[in-house]
Ligand code: SF4
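Protein chains in written order, with our numbering: chain R, 1 to 429; chain S, 1001 to 1271.
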């Protein structure tokens, strides 16, 4: 059977035009997707049953035992951490927030290792953004800053920017000018009309210089700024100011280099300046499929998009203090529940090492780099493959994941609901 | 009146304690206050040995002394308006949050957000201060608005972010982006600094150590002799990427070739 218009759950593009051929409980062919989509949808590294670590290795346990043990560990903790949430659907994320409130936990999502700084910058100066549809149909100047979509979001350029035909840009690449800014010549830079190579850590300086040029104060600039010739920046500023519609996309090169959210803020303020001359927008290239959704769901319920601390019964938010990486590296938390993410692969060593010291439970369909750090792992369905649910694309558009195959695994939302109910039972007692 | 709080041994010493109740005025009514240890509310006496010496009729006559393992105690002195707090060792985050008067003296190091959005009074830290010393809360448009913060050691990244009023004096070095988004007040750094005063709108920053990677959007306008120090400084106006009405005075501008690669910067704020 061929299922049409399938949503790929891997990256923040959430491409919704895939054709997937299914044979019984197996996906056998993926069309229109990139290689990342194919690996995600056809991959087979599922954990067959819940497992518990013992002195002699792993033992299989029942779902009932795993749920009971998880609830008991979380109830007993003085500083529990619930982390992850970006590769599952909004339905599971919302139950996670309710559990956090119930047990006075810190709940955080993978924004802490990707676009958390973008959120901080947006909270300072706002977000002049737009949907990807607007970019596809209107943008004649595209800037990719500190990101490499060719490899990380392989269909971004073909669906929305460089190679996409749009209503006001019918000739695609011929009608669009692409500028890539990075510290090294990436695959994406090879496609660019203009490549700005910045010395490592120099993004803030270059953004400030561009702002000064757009404000008409470029004469005070030195000849070279963070390895970039002043003349190139004047040229790029002119391209941007003459654009009919410009769109900046930025990635971890901006959010995770020195200056962090101040880099993003500077980029947003450059966008504001450009809007005095033309129409310009800026958007983060979000990584995990539904990381944007985790920010949305957390915000509806708590008022904050990530790093929410319920220790005192009310939501408190202060990235740098209530963020998972920080709480772990200081050794603060005494139990952790990880859902739909892989901190073992993404966190700094000190933070990941602390997960191995405390009772850590992982709810994830696959064996991952986090599995060896855990005391307990509970397998579940994978959103967008054997579970449906709501996800948010990188531009904030909600998209419904389809269920492509039936499986015997429980949905993570159901698992979390059972953990939630068990916690209430324990607390009531 | 002197209230001496000495930490007791804890089963989980890494749990943070949130103790905004530790301000001088609260002890006039007695020492039975509560604090949070992780997600549990505790009596102050569960976590501290409490000794009260003498009496006081007004909070300005109350001195609170903190001893022992105090590095994980957060929010000490929050909203304090008068009196004195002396911390013998290190102190946790948010010490002196929103304080409007009185004195806090820290014998050791202070963690991040020391004197956050402070309005008045003074804080002296004899050790180092963490990131965001004398700055604002996330998304807040104003940092410290009044009072004085003096750090005898170094300060971390984003020191005096959004500084709007008052004086911050760092005797050692500052990390990345001291004085970023400054709107007023005075920041004095005796040691080195990297990329100071980005997006500065107003106020004055003086740096007497070496400045690495001065931002390209600061305009050199003058040199000036400071008679009280007997030194000559270069005066810059900036940040012209913004309104550019701030003043940055630097005794030792960076060398032309000094690109100060990112990997030699002080350990960055993690988030
Ligand atoms: S670009 Fe992203 S969402 Fe689209 S098919 Fe590839 S991995 Fe999936």
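Cβ atoms here follow ideal geometry from the backbone N, Cα and C, with glycine treated the same way.
Ranking 1018(S), 1025(S) and 1024(S) by CA distance to the CA of residue 1034(S) puts 1018(S) first. With a contact defined as Cβ atoms closer than 8 Å, residue 1202(S) and residue 1183(S) qualify at about 5 Å. Taking the beta carbon of residue 120(R) as reference, the chain S residues within 7 Å of it are 1138, listed in sequence order. DSSP places residue 1080(S) outside both helix and strand once states are collapsed to three, so it counts as coil.
At least one CB atom of chain R sits nearer than 8 Å to the CB of residue 1018(S). At least one heavy atom of the ligand SF4 lies closer than 7 Å to the C-beta of residue 33(R). Considering only beta carbons, the part of the segment 1205 to 1227 of chain S lying closer than 9 Å to chain R consists of 1213, 1215, 1216, 1217, 1218, 1219 and 1220, in chain order. The C-alpha of residue 1244(S) is placed about 36 Å away from the C-alpha of residue 149(R).
Proximity of the beta carbon of residue 81(R) to the ligand SF4 is not indicated: no heavy atom of the ligand is located closer than 7 Å.
For residue 58(R), no chain S residue has a Cβ inside 8 Å of its Cβ, as the nearest lies near 28 Å away.
In chain order, 1134, 1149, 1160 and 1187 place their CB closer than 6 Å to the CB of residue 1168(S), counting only its own chain and leaving out the 5 sequence neighbours on each side. Contact note: residue 211(R) reaches chain S through 1241, using a C-beta cutoff of 7 Å and chain order. Linking residue 249(R) to residue 397(R) through their CA atoms gives a straight-line distance of about 16 Å. Under the 10 Å beta carbon count, residue 1057(S) is surrounded by fewer than 16 other beta carbons and is classified as exposed. CA-CA distance, residue 1220(S) to residue 1204(S), rounds to 14 Å. Non-local beta-carbon contacts of residue 1190(S) in its own chain, meaning distances under 6 Å to residues more than five positions away in sequence, involve 1171 and 1208 in chain order. DSSP places residue 137(R) outside any beta strand (DSSP E); the residue lies instead in the alpha helix (DSSP H), whose first and last residues are 132 to 138.
Chain R places no beta carbon closer than 8 Å to that of residue 1229(S), leaving this residue out of the contacts. At a Cβ-Cβ threshold of 8 Å, residue 1105(S) and residue 1144(S) do not count as neighbours. Counting along the chain, the unbroken beta strand (DSSP E) around residue 283(R) starts and ends at 279 to 284. In the structure shown, residue 372(R) falls within a helical segment according to DSSP collapsed to helix, strand and coil. Per DSSP, the continuous beta strand (DSSP E) segment holding residue 1005(S) begins and ends at 1002 to 1007. Residue environment: residue 48(R) is assigned as exposed (fewer than 16 neighbouring CB atoms within 10 Å of its CB, all protein chains considered). Inside the segment 28 to 75 of chain R, DSSP marks whole alpha helix (DSSP H) runs of 4 or more residues at positions 35 to 42, from first to last along the chain. Between the ligand SF4 and residue 1013(S), a heavy atom-to-CB distance of less than 7 Å is absent. For residue 18(R), DSSP records a beta bridge to 6(R). Three or more Cβ pairs closer than 8 Å define a contact, and the segment 34 to 50 of chain R falls short of that threshold against the segment 295 to 314 of chain R.
Counting along the chain, residue 1251(S) sits inside the beta strand (DSSP E) bounded by residues 1246 to 1252. Around the beta carbon of residue 176(R), 16 or more other beta carbons sit within 10 angstroms, so the residue counts as buried.
Taking non-hydrogen atoms of the ligand SF4 into account, the C-beta of residue 163(R) is found less than 7 Å away from none of them. Per DSSP, residue 1059(S) lies in no beta strand (DSSP E) segment and is marked neither H nor E.
Residue 36(R) has its CB nearer than 7 Å to a heavy atom of the ligand SF4.
Per the C-alpha coordinates, the member of 390(R), 27(R), 41(R) and 1(R) positioned closest to residue 10(R) is 41(R).
The beta-carbon distance between residue 1101(S) and residue 1082(S), rounded to whole angstroms, is 5 Å. This is short enough to meet the 8 Å contact definition.
In terms of Cβ geometry, residue 1108(S) and residue 1089(S) form a close pair [threshold 8 Å]. Residue contact with chain S for residue 36(R): absent (no Cβ-Cβ distance below 8 Å to any residue of chain S).
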